[in-house]
Structure formats: C-alpha cells, structure tokens
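Number of protein chains: 6
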Amino acid sequence: MFFRTNKYQFDAKPERPDPVFAKMLQEPLGGQWGEISVMMTYLFQGWNCRGPAKYKDMILDIGTEEIAHVEMLATMIARLLETSPVEAQEDAAMNSIVGAVMSGSRLEDVIVAGMNPQHAIVSGSGAMPADSVGFPWNAKYTIASGNLLADFRFNVTAESQGRLQVSRLFNLTQDPGVRKMLSFMIARDTMHQNQWLAAIEELQAEGLEETPCPSNFPQSMEDQRVSYQFWNCSGTTESGEGRWAAGTSPDGKGQFEYIGEPQPMSDDTGLLGPVDTRLYGTPPAPVPKKAAE
Amino acid sequence: MFFRTNKYQFDAKPERPDPVFAKMLQEPLGGQWGEISVMMTYLFQGWNCRGPAKYKDMILDIGTEEIAHVEMLATMIARLLETSPVEAQEDAAMNSIVGAVMSGSRLEDVIVAGMNPQHAIVSGSGAMPADSVGFPWNAKYTIASGNLLADFRFNVTAESQGRLQVSRLFNLTQDPGVRKMLSFMIARDTMHQNQWLAAIEELQAEGLEETPCPSNFPQSMEDQRVSYQFWNCSGTTESGEGRWAAGTSPDGKGQFEYIGEPQPMSDDTGLLGPVDTRLYGTPPAPVPKKAAE
Amino acid sequence: MFFRTNKYQFDAKPERPDPVFAKMLQEPLGGQWGEISVMMTYLFQGWNCRGPAKYKDMILDIGTEEIAHVEMLATMIARLLETSPVEAQEDAAMNSIVGAVMSGSRLEDVIVAGMNPQHAIVSGSGAMPADSVGFPWNAKYTIASGNLLADFRFNVTAESQGRLQVSRLFNLTQDPGVRKMLSFMIARDTMHQNQWLAAIEELQAEGLEETPCPSNFPQSMEDQRVSYQFWNCSGTTESGEGRWAAGTSPDGKGQFEYIGEPQPMSDDTGLLGPVDTRLYGTPPAPVPKKAAE
Amino acid sequence: MFFRTNKYQFDAKPERPDPVFAKMLQEPLGGQWGEISVMMTYLFQGWNCRGPAKYKDMILDIGTEEIAHVEMLATMIARLLETSPVEAQEDAAMNSIVGAVMSGSRLEDVIVAGMNPQHAIVSGSGAMPADSVGFPWNAKYTIASGNLLADFRFNVTAESQGRLQVSRLFNLTQDPGVRKMLSFMIARDTMHQNQWLAAIEELQAEGLEETPCPSNFPQSMEDQRVSYQFWNCSGTTESGEGRWAAGTSPDGKGQFEYIGEPQPMSDDTGLLGPVDTRLYGTPPAPVPKKAAE
Amino acid sequence: MFFRTNKYQFDAKPERPDPVFAKMLQEPLGGQWGEISVMMTYLFQGWNCRGPAKYKDMILDIGTEEIAHVEMLATMIARLLETSPVEAQEDAAMNSIVGAVMSGSRLEDVIVAGMNPQHAIVSGSGAMPADSVGFPWNAKYTIASGNLLADFRFNVTAESQGRLQVSRLFNLTQDPGVRKMLSFMIARDTMHQNQWLAAIEELQAEGLEETPCPSNFPQSMEDQRVSYQFWNCSGTTESGEGRWAAGTSPDGKGQFEYIGEPQPMSDDTGLLGPVDTRLYGTPPAPVPKKAAE
Amino acid sequence: MFFRTNKYQFDAKPERPDPVFAKMLQEPLGGQWGEISVMMTYLFQGWNCRGPAKYKDMILDIGTEEIAHVEMLATMIARLLETSPVEAQEDAAMNSIVGAVMSGSRLEDVIVAGMNPQHAIVSGSGAMPADSVGFPWNAKYTIASGNLLADFRFNVTAESQGRLQVSRLFNLTQDPGVRKMLSFMIARDTMHQNQWLAAIEELQAEGLEETPCPSNFPQSMEDQRVSYQFWNCSGTTESGEGRWAAGTSPDGKGQFEYIGEPQPMSDDTGLLGPVDTRLYGTPPAPVPKKAAE
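Residue numbers (the numbering used here), protein chains in the order written: chain A, 1 to 293; chain B, 1 to 293; chain C, 1 to 293; chain D, 1 to 293; chain E, 1 to 293; chain F, 1 to 293.
Written out as structure tokens, the structure reads:
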C-alpha cells in the first residue's frame, strides 16, 4: 500500500514561464524513456518478482521513488505554462497562452507555433502524460519479463537513455530553476545506472542468472555451430576489426569466429503449399469457384 | 543498397500444421522483442551512426542478418497455417482453417477458439507483422539514440528478452521442425548477446563512452549529493542487503550510501499559480465570466 | 438507414485562411473529446441499446446530428487551409501553403513552423480525422457499455470537455466566421449537457438505474465496511474539509466517514509462489537447467 | 513524494490458479476503465490542480489509494497464473502453463486456447499493464483538463464503468478468494462514486462551476437560439417522449423545445475553393503541369 | 446534414446466438478493411473534395450508405451475443455469456476460450468498434489525399479487401441469417468495386488525372533514366518472366527494361558528419566533456 | 537471405542542413505511405505468396529495393540535421540544434518552433521511423491478404499516394541535393505504378483473378438484386451524372442502375433482445437485483 507527503523530493520551480520548453520537457515525463516508464516498469517488475526478497524490495523502493520524479516533472511543466508573477503585472495579455495568440505580435506567433496546442486546448496549462510531440504514453514502455537479468539489462538501458535525454535538455534551456531540477535528476540517473549494474553483479554472484540469458535453458540444445560466429553480411570487412570478431566471448564459453563470406545453411527457398481454396488466396493455377456448403 | 538470395539462412519447415502455435510464434516475429524490432533497431542505429566506421559496419551487418530471421519466422508461420501434404490426403476438410470451423467437431472448436482469427480472415493463412495477441508491430520498438553505449545496452536487452521468449516457445511445442529452427535462433541470440557485450567493452576501451552514460556530460554539473545514494522508500529494509546498498559503485567513482529513512529535500508542496481565466480552469475562488475580445 | 442533404446544419465559413488555427481546430474534430468521438459513441450506444425505445431513439437522433457537426468542422478546416479569394489576387504565392514555404520570408517561416505539415503533404489542404498534434482518432474514444447510467455519465462528461475545448478555441481566434460557428457549437453543447442530465433524471425516476451504478448488483455482496469511507493517504488533512468527508452520501444510503490515518486491512505482503522452471523466470535460489522434453 | 508499506490494502489471494480468468482480470487492471486509468487520472488532476487546496489534497489522496488497487490486481493475476501448492504436488506438469501445453490433453487444450499467450511468453506468469484482449494501457485514458467539474464528471463515469466491469467479473468466477477481493473493490467504487458526486455538489455550492460547463464562458456569446432545442433527426418521434424534450432544463436556465422536423439553418453546401496546383489535388477542370521553381 | 430512418437497409438477423462468430464478425465492422473504414474514408474524401461536383456528390452518397452497413453489422453482432428466444426457455444458464462461464461444462469452456472477453466485460453483449482480435479502429484507416485518382485506387482496394474478408467469413459460418446478410454485403462490394473502377475511367476520360499519378507533376523533372526499369535485386531471374519486365508500360509512355544485375548508381556510402558534442552522441574519437553554458 | 553493399542506390546529399525540412521528410520515410510501408508490405506479400513463382520473385525483388530507399531517406534526414561543413566554420553555435536554441536569436526561435524536438532529444540528430508529426510507423500499414489482385490494387495505391507526397515535398524545398534524390524517387514510383498495373493485367490474363475480387467466390451466392445498383442517399442527383450510374459495369458482367430514391429493403428496426441480468445492462423495465451464485 502507498502513502504520500505533500513535500516534494526536490524543487520543481522554474525562474520564468516558457511554453516551448514545456513542450520539450514532456519527453522525460511521458516519453518512451521518461519517468512514467521507469515508474511503471519497476513497480510491475517488483509486483511480479518471484526471486529473493531483497530484489523485490529494492525494485519496489526505486519504483516508489520514481512516482516522486513524475510528480516533479508534471509540476515543473505546469509552472512553465503559467504566467510568472513578475510578468503578470507588466503584461498579462502577452505572456499567457491566450494572450500570446490574441496579441498577434511576432514573438507570440513564434510561441504559438512552437508550443504544444494541447497545453492550451486540452490540459488548460497542465502537464500531460505524453511526449514532446504529443504522443501519449503507452504501456509497451513497461518491461517485466520475470527474468531479472533480462529486466535489469533493460533498466540499465532506461537509466542510460533517460540520463542522455535529460542531459540534452539541460543544454536546451538556460533557466536556472529548471537546470537545478535537471541536475538532480541526472544525479539520480547516475545512481540508478550504478544500482542496476550492481544488481546484475549480484545476480551473477549468487548463481541466479548469467550470460547467455536465460542461462537455465540448456546450451546443449541450441545449435552450437553458430553460437559464436559473426556473419559479415556485406562486401566490406570493417566489421572484422572489433572485439566481437575474435577472441574469447564475454561469457567465457566460446571463441568469436568471423565469417567473412557467409552462405545460407539451408536449401529452403521458402516455397509454400497451396492455399485452402475457400480462403480465396491466389493459387498457382486457376481453380474452380467455390464456397463452403 | 540491399540484395537477397532465395536460399534461406536456415530451414523453416514444421513437421505438421499447428494454427494455435502459429499464433504464439507471432511473438518473436512481430512482438516487442521480436525479429522485426532488432532488424529495424540495428538498421536505424547503423544509418544514424556518427562514430567509428567499424561500429557502423558491424551494426549494419547484424541488421542485415536479422532480415533473414524475419523471413524464416514469417515462412514458418505460413507453413504452420497450411494443410500438411499427408493430412491433406486423409481429411482436408478437417485440417485446414475453414475445414476446422465448418466440421464443427470438438477438436476443431478448440482450434478455432485458440487460433488468431485474422490468420484466416485477414492474411489468408499468411504471417502478419503483429504479436501473439494480434497487436501490430510499431516503431517505438526501434531504439536509436545516437549514443552507442546507451543503444548497445538496449541491444543486449533485446537479445536477452528475445532469447528468453524463444526459449519459452521451445518448451511450448513438440514439433521437431519448429524446435530445430528455434534452436538455431537461440544460438544466434547467444552470439548477439556476446557481440553487444564485446562492443560495450570496446567502446569503453577506446575512451568513447563509459558509466554514467552519457559520460561527456560533466559530472560536476549534476547534484552530486545524491549521485550514489539508495533511497529506501518503504518501511522494510530488505533492500539494504544487496550489492547496491554499500561499497564502491560499479563506475568506480563513488561509494553507495543507504538512506534508510529518506526525507524530502524540498519544501516545495507543488502549489500552482492561478489559471488564465480565458482557459476556464477551476480558479481558487469565483471569477467573472469572460471571453477574449 | 441514413440519408443526407447537401445543406449544412450551420455555416462553416471563415473570413480568411489561417493554417495555424486549422491545426488547432483539428482538436474538436478528431481529438479525444471531438465530434467524431460523440458521433461514434452515440451511434454505438444506440445500436447496442436494450432499454426502452425512447432512449434508443433519442440516442440515435443525437448521434445523427453529430455527423453534421463533423461535416461542419471538416469543411471549416479545409477552408482555413485554402487561399482566400482576396488574397489570391494579390499574392497567391505567399498565401498558399507551398507559396509560404517557397517565398522564404519570415512570416511564412512562422506559418510553416506552426502548421501541421500533413495538411500539405498528406491531405493536400483537407481536414484529417486527427487531433491538434496530429494523433489519429481511435475507437477507444467510443464508450458503450450497455448500462445507460454509466454511459450517460460519460456523455455529460464528453459534452463538458467538448464545450470547454471549444470555448478555449473561441478565445484563440479572432476570425468572425470561425467564431460564429463555434458559438453555434457551444450552444449545442449547452443543450446536450442538459439533455444527458435530464436523461439521467429520467432513468432514475423510472427505476431503471441509480447510484451506486450498477444498482442491480446486490450491495449486500460488497464489502460494506468500506463503502462510505474516505481514506486519507497523506500526512495532511485538507482533504477532510470537503463535502465528501462527512454527512450523508449523495446516494442517500450511507454516512461518509473520514479515516485520517488509514491502515492496511491485510497482512498480505504480495509474496508469490515459485516460477515454473521452464519459463526461465528468476527463482528464489539456483535451479538446474531444464527444457521441456 | 511517495512511500509504501509492504502490507497490502486488502487480500489478493485466489483459492486456486485459473489462467483463463487471469486473462479476464487484466481488464480492471490495464483496461480503459481499470485501476491504472484512475490512478493516473487522479494523480495528474491533482498535480495540475489550480483550485482550492482541499480539492487538490483530496484528489491526490484518492490517486494514492489507487496505486494500492493496481498492486492488488497485479498480484492477484500473478497468483492466478501460478501452480497452486496443492496441485503442484499432485501433477505439476498439467497445472502449470507449460505443463498444460505439453501434456496435450483436452482440458489443457482449452486452457491454452483461452489464456493470453503473452502471460507465458512475455511476462513469464506475471501481470501486464494491458487489458483482457492484450491491448496495452495508454495515457489517453488519463483525463485532466484543469476544469474540475468537467473532470469530476469524468471521475464519476470512471467509477461507474469500473464498478460495472468488476460486478460483471464477479459473476464470471466462483473462486472465493477472487470474489472477496472484488467485493472490496466494488465497495470502494461505491464510495468513490459518492465522493465525486459530493465533490460536484461542493464545487457548485462554492460558486466555482456549474452547468453548462464551463460556466465562465459568457452564455450570451453562444448562439442561444439552439441552446435548449432537441433536434429529431429521424422519421420517428419516440425521442419526444422523454424528460429531455419538454420542461425546464436541468441547469434551470432554459425550456426544452422539441424540433420534430429540423431543417438546416444554412445554405452552405460545403463547396471548397480550388486547390493550390502545386499540391496536385484534383481540380475542377484540367490545369497545366507545374512544379515550384 | 444527415437524417436517418429506423428501417434497416437489409435484415441483420441471425438464426441463433454464436459468441465465437460474433468475435470474428468484428473484423468487417471495426477492422482495417471494415465498414467504419469505408464510411469514414468516403465522408472525408467527399468533404475535402475540390474537384467537379458530381464526384463530391457521388462520394458522399456512398459514404452515407456505408453508415447503414455499420449499423447492420453492429446489430448483427449484438444479436449473436444474446440468448435466443428458443434456447432461453430451455436452458438460459448455459446459453448466455455468464451462464456459459458459470456452468463450467466443456462446451462452455470452449465458448469462453473462443469469445472476446470484452463482449462480456466491456460492452455487455454489444458490438464494439474494434476488429476480430479486439484492436480498436483508428483513423489511419481513413484515406483522403485530395487527389481523386490516388484515392479511388485506394477505394478499389478497400472494396476488394473488404469483399475478400466477407467472403471468407461466409465460409466460416453456417447460420442462414448471417449468410443472408453477408451475401447482401458481398453484392454491394461488387457494385462498389465497379463503381470506383468506373470513376477512375471517368477521371482519365475528363483529363483530370492519369498514370503516373499525380500526372500534374512534370515528368521531365523526374530522373527519367530509371522511370521504366525493373531492378532484379536477387540472384534469381524468375521476376523477368512477367508482363512488368518487357514491352510498353501501361501508361503508354515508356518501355519496360529488365536490369538483371543492378548496380548502385552512387558512390555515397552514407558517412555522416560529426555530432554536436552537446547532444552526447558517440563521436569518431574521444572529445572533451561539455555542457552548454 | 539478405546481403548489402555499402554503396547507396542513389545520392542522399543535401546542400545544406535544414531541420524544419528534415521534419517534413520523415513523412515519406516513416509515414503511412512512406518507404518503410512499401518495404514491409512487399516483403510480407512475397513471403506469404502461394501463387506462381514469378510473382513471388518479383514482389521480393521490389521489396528488397525498397530497403535501399529507406536507407537513402534515413541518411538524408540525418544529414539535414547536422551542421554543414561550411557553416560549421563560420558559426557552429548558431547552426546546430543546440546552438540554435541557446543563441536565442529570432531565426533560431523559428527553427526550434518548427523542428521536431525528438530529433534533438531522442535521436540526437538522426532519422526516426516516424512521420512528419512524429507519429511512429506501425504495421497496420503492411497489407498482405494472400489474394494478389486485392494486394496489387493496394500496391498501385501505395505508389500513387507515395509519389503524390514526394511530389508535394519537391515543391516544399529548394535544396538541389534534396530535389535530386526526390526526382530519383519520383521516377521509381513511376516505374512501380506501372509495374503493379502490369502485374494486374498479367493476373487477369492468366485467369488467376478478376473483378469482382475475389472472383472465386461464386457470384451466384451474392444478392444479385443489388450487385450493380447505385444508391443515391441524398436529395441531390449530381451523382447520377457519372460513368458509374449507367452503362455496362467495368467487369463486363452487369448494367449500372441509378436508384434515385432508395428505400430500405428491410422492416428490421434493430430492436434487440433483453440483456442477461447478470451483465447489468439497462433492461426495458426494472428487474430484481441479482448476482451469479
């Protein structure tokens, strides 16, 4: 069960409104690699966890923290969409969304062109669970397979893509209040990348999982002729110059082999049998008209 | 530019038709972690690559191989949906899709109940770019950020989730022809997990990227107070027993710290300014009716 | 069966073209709370209606009217995207979409930046069944549950959200022709809010449904200990100051009770059983490698 | 900021596994009217709230409670997908997902046909944020307009549709453990319907909003000729027999009028101007070939 | 503006309920090539039409007829989901949806496994605007480009795919009432295929459009070296045996040429310039850490 | 199986960067009628083909060529998003994405307002498999029914809509490098329209399929009373002036008949039976409260 306090994990206060940046900041809120994605991913991984208790507890703790991150971003966006106290006194008509449109001056044209119109029409200057082009968040961004190594690898990815996007956004604004919050989030992403890498170490140290994942499928049942071969599917061989083309494989179980001119291992040419005539697919040769009785 | 041969990379021949398993086998074809996803992900990562040539070439080579995997799975599904030569002679009416429905016997009821109806109505006993519940593939499954470490971490994940799903499917069929193809694919996933892990090693060895990713954002600009803290957001402390709660962090740059009873670092309570009255949001107190002039 | 006349329910004539507002006006056409949504919702509610004939007839009548609203909006948008007669004579090159791009002057830059590019590339200056950020309409916006109270409550919502959005759009344009049409639509939404509220009254007066909906589920079978409790899931108690925290409940069947410090009613901690080893989920402790035979 | 306890709000323990019902129970978890929808809707309404503090606090409190409902449902589904302790001893092969498929007996055929294959292949016997046909949850189910009356009307709808669906599901299972949890949820929905109805009363009592919503748009600016007219768009007149066709409107501001044979109020026939020839739309008459210079 | 009569275009009466076929029949209602798709496509093509009046009128007439087809299918599905009068007397418990589940006998298991659970839980035995796997209809199925030849070609396709699917469904049921309605729809699709083919003839006869479409783009500005070449991108040459490999092209403007061993026409190898370092993409060689000031 | 060469089919080199046009150029890459759509459509049609070998080979050859088109567009977009060599020397800060935002001058405001923010935040100046409003490509754009006539009609449409969109884009840029590539693509679309028209001729000449499609459904089983009737569903009769209203139908099997004032052919008024009371739909009259036992 969950509880909340009305205090925020960290400040979410911009120095001044900026509806164009508000649009951009939707990406780490409701985008594929945003905070809703990690919140939902960690909560579902935790609830579905059938492994040791410390993992379940750890996953749910970070999932719970992420709700607070969603909260901060939503609030920051809502504030970027409102008239700032200072500007309000000077020229409310020009600095609010409606004012910008109605005033018709050039700066406002640009604002209107660059902002997300749904911030005015749909949410009434509130945040939305959507990304920077207005595409709604969806649950395909939630990954929970039941295999913790496969999932923790996803989590490292999510914290990497997320930190990458927030770092880019840091460079796309000069507002000190926004940057302060982003620097907090970047730091938490540093922790969370490290956390998931540490959890992967732990999983392997405890013998619960290893590469190739899932390790409990007997490797003797895979087609071991091709388990460590690199297939060069082009005429050029620059792909042969990397670590992946020779030497011991990272799982320590094989030697990489570079196949410079790979050949099909099959004579199968993909020919299919004839179609059931009652499905009206095109047959190899004309057939009588027919319907089921 | 691309070319093809009509030979397949590997056999895609089931021993007998099985429309219910055909439905399940759509997952590694058109599902989130299926072959279309890795094909598109690797091709886009390659085309967008601005790093050293050997990476670009390697990524595109594997992307090209994945087209052949899509080809094998599509063909296998089409064959699982057709009447097998042997059975056709005995009782065509009962073994085809339409026959199963029309015959009305109990076995056929089960087949109809369990198969994907679009395999009959929409594709006419062909494969579809959709998953095992019929949800169409979409390009959000394609990840290409321009940062190779963030992306290679995704690729390791994709090969892990993919190998996990194919291993599960191996256990859900007894058809020797299907299992033969799946064992080939599982082996290629073994290679590809190793390949991306090796590529991550190489990226780091060459000084191009490291943890925390992206490493070119100056860590001095993140809020370093919280860069290595675990926040325990629950009343229980089992999350404190893992590798992530103490010791040196995997990036070698910090010491994990376990915050057992974390407190908000802010007095921000999320209060927002008043809404522009012409947006008709609910205000703190009644306001006059108004429209823009 | 349906018929049409080529006369419009009301004028859909802007005074001059405005491609940026055309983008915004897609929201009440193809957005979540737009006219396509109510058209489809009412038609499906009507066709699926198993209640008294007067409801079925009424629902289908309003559904039919909504097709005319879709028609007006689509036409208005197409006209906002075309070169106006007056301007065409003066400077056709600059006022059409292509002209705006090619001329390269600043005003045109702004127009191009702010318009929906699909209005040029995809629809060739026609309306599209999509919203103001180009997200396509989808049938999840269609609600028809078979329970008329649940559905009429949705309908009141739809007419409220719709009227809210159109009122906001009224403030975002100064074109007299556009405003004239919007004021007609706002008036119809006034009617339709009242209509659904009246229909809810009628349903209850006739004993067909009441709160809590569905009223035909025996309330004796719900866990009546918590049927009228407010759970305060935060440390603050401002939520205790409202109508919902004390007094008789609106259904007249209970007394609101404010639970200031709610506690879990269960000792369930969510622990799950072990996973089937052939699904390769992470187990509590290492298990032997295994595949189905 | 958010915290959790590892105790559940209520028991989520089925008496025995039932993968077919697990599929159905995804609807109130990840469906359009499920618990994720209300959780996200209330949290976003709360974070975006610019009205009086008691509303913001109340909305966030119920949003926080809903996280616990998501938790219960996810756990219940995961348990419905696992082998029960008793059955495991008797016949593990037949009662688990993989066992059911491999054993090939008729009961298992039915289970496989009726369950969601992604519960085996994708989530490894865990819950997913998707509905009963496997369609992923998406953020369009989250409604937060900034206008509390419009939104509370949605909330009443959500609690009505949700209670309706859970009541139907109560009738589709006989498992006492499942029914116990559903009866708790039905009771909470009773409270929440009442809560939002009470909040609507309060909003109106405080003069913050009323019908027609939004009430701050001056009704004098709508086309008042049609504000209270019912248009009978069919040849039949059963729609004239209801409360909505005569008498004072529920907002108390008008008299319903029944228009039995409505006529278009416009001579507009929807004719459009010619297309810019460089967009290659079909013109009224042939034009010269042309491209921009 | 639109009107309706309560008479149906044609009978929509099944002989008996069949929830499994009801699921399948969702495809021609709410599937990609179903009646909602053509209804919306034709209406939008008509409203956006800037060509001669007879086309606009014709397109809107057929669009209006399609609403009646949606109506018939929705009603048929609702009836397939209800208890038939005869069976109701004998054994209501077993023939309704809930009864089937609760009775627990084998036939009912099959029904439950094969039906769409949302027909019970969500729509309460009503039709839904979704396809046979429950995927909701979306507006990407609506095509209206402003170019009537491009669009009429789509319309011919839609009537072909639609007639194909309905013909398949005819073979998947034996209910005389259902077949009667389907045979009506198949006949209308015969008309509509012919209608769009005739309209294409007319467009060309009137000089409004021709192949290659759009014909108003000057063909002199395309790269005419490759305008009539077939590129054989495989090692096999069976593709050289068809009408498309030699002879005059159907537009009468060129001669097909078969390129047996095509070569790239460019030396471009796709190398990209370096990334802006503040976007943190992987560079060709290590760069200093950096953030925008 | 597939191979690639690192040479491109044609040059993909813009003269200078243009992030706003890069956004627009996403349409023919990842839009509904873009190159990914035809690539996937042709590959799936080919893999699923059960007709004569020359068709299968031809379809797969063109599908393979389309991969090269995807490659060219992706590369062109990536180059439009980068700093050009010349400009880089002069003023890197202003011409890159980040520079544009940070510099804050007016030209840059416009660029930021008009570009796709995900080109900076998500892809790091790379192409994305999405359209010009950022909507992700999805597999519903892939059509493969098993009936080659139905599918080739789709293919003609795709090449028409695609050529139309690229022609429009040609008019929306003045960059010679971009125009050069577009003129190549327009020429290939000329070929491909002709190719599919030729393939349709061939199919019919070989007796494999004809109008009405599917021709193997016995036309005697359709309701032939309405097979060649035009229903005028409006009060106006301009629709009677076209080729589709009189004369021999294009399939040569009927005579068009114009029904000026069509009447319903049924007395069905769509009334439904009562709902199962345990589904809590609204009944015709009050019923007792009830739940399943």
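For every residue, glycine included, the Cβ atom is placed at its ideal position computed from N, Cα and C. For clarity, every value in this text was computed on a predicted model and none was experimentally measured.
Beta-carbon separation (whole angstroms), residue 132(E) vs residue 6(B), contact threshold 8 Å
Not a contact, Cβ separation roughly 33 Å.
Residue environment, residue 293(A), which counts as buried when at least 16 other CB atoms sit within 10 Å:
So residue 293(A) counts as exposed.
When DSSP builds the beta bridges, which residues end up paired with residue 306(B)?
Given a span of 1 to 293 for chain B in the structure shown, any question on residue 306(B) remains unanswerable.
Cutoff 8 Å: residue 141(B) Cβ touching any chain C Cβ
no
To the nearest angstrom, how far is it from the Cα of residue 54(C) to the Cα of residue 182(B)?
If you draw a straight line from the Cα of residue 54(C) to the Cα of residue 182(B), it is about 59 Å long.
For the stretch 56 to 67 of chain C, which residues have a CB atom closer than 7 Å to at least one CB atom of chain E, in sequence order?
60, 64, 67
Quick one: is the Cβ of residue 58(F) within less than 7 Å of any heavy atom of the ligand MN?
Here there are no bound small molecules, and the ligand MN is not part of this structure.
Spatial neighbours of residue 20(F) in its chain, beta-carbon cut-off 6 Å, leaving aside the 5 residues before and after
114, 115
Endpoints, the beta strand (DSSP E) within which residue 4(B) is located:
2 to 4
So which of 75(F), 63(F), 226(F), 36(F) has the shortest CA-CA distance to residue 186(E)?
226(F)
Chain F contact for residue 14(E) (CB, 8 Å cutoff):
So no, residue 14(E) is outside the interface.
Chain A contact for residue 242(C) (CB, 8 Å cutoff)
no
Are there 16 or more other CB atoms within 10 angstroms of the CB of residue 271(F), so buried, or fewer, so exposed?
With fewer than 16 other Cβ atoms from the protein chains shown falling within 10 Å of its own Cβ, residue 271(F) counts as exposed.
Tell me, which residues are paired with residue 130(D) by DSSP?
136(D)
How about the stretch 242 to 257 of chain A and the stretch 193 to 203 of chain B: do they share at least three Cβ pairs that are nearer than 8 Å?
yes
Taking the alpha-carbon positions, what's the residue 73(C) to residue 24(C) distance?
12 Å
Quick check: residue 230(B) and residue 259(B), are their CB atoms within less than 8 Å of each other?
yes
Distance, Cα to Cα, residue 155(E) vs residue 206(E)?
19 Å
Buried or exposed: where does residue 267(E) fall if 16 or more other Cβ atoms within 10 Å of its Cβ makes it buried?
exposed
Is residue 128(C) close to chain A? Criterion is C-beta to C-beta, closer than 8 Å.
No, its Cβ sits nowhere closer than 8 Å to a Cβ of chain A.
Quick one: Cα of residue 61(D) to Cα of residue 161(D), how far?
21 Å
Residue 15(F) to residue 159(F) span [Cα, whole Å]:
About 27 Å.
Spatial distance of residue 261(C) from residue 236(C) (CA atoms):
10 Å
State the Cα-Cα distance for the pair residue 178(F) and residue 238(B), rounded to the nearest angstrom.
Rounded to the nearest angstrom, the two C-alpha atoms are 59 Å apart.
Could you tell me the distance, in whole angstroms, from the CA atom of residue 8(F) to the CA atom of residue 142(E)?
34 Å
Between residue 51(E) and the rest of its own chain, which residues show a CB-CB distance below 8 Å, the 5 nearest in sequence each way excluded?
148, 208
Step through the CB atoms of chain F and report whether any lies within less than 8 Å of the CB of residue 293(B).
no
Best match in 198(A), 35(A), 81(A), 213(A) for proximity to residue 126(A) [C-alpha to C-alpha]
Measuring from the Cα of residue 126(A), the nearest candidate turns out to be 81(A).
Alpha carbon to alpha carbon, what distance is there between residue 3(D) and residue 47(F)?
53 Å
So, residue 243(B) versus residue 66(A), is the Cβ gap smaller than 8 Å?
no
What is the DSSP secondary structure of residue 266(D), reduced to helix, strand or coil?
Looking at residue 266(D) - three-state DSSP - the assignment turns out to be coil, as it is neither helix nor strand.
Starting from the beta carbon of residue 167(A), find every residue of chain E whose beta carbon is closer than 7 Å, and list them in chain order.
280
Which residues in the same chain have their Cβ closer than 8 Å to the Cβ of residue 36(A), if we skip the five residues on either side of it in sequence?
29, 30, 70, 129, 137, 141
Please compile the residues from chain A whose C-beta is within a distance smaller than 7 Å of the C-beta of residue 182(C).
Within chain A, no residue comes near residue 182(C); the closest Cβ sits about 12 Å away, beyond 7 Å.
Of the choices 212(D), 146(D), 27(D), 58(D), whose alpha-carbon is the least far from that of residue 77(D)?
27(D)
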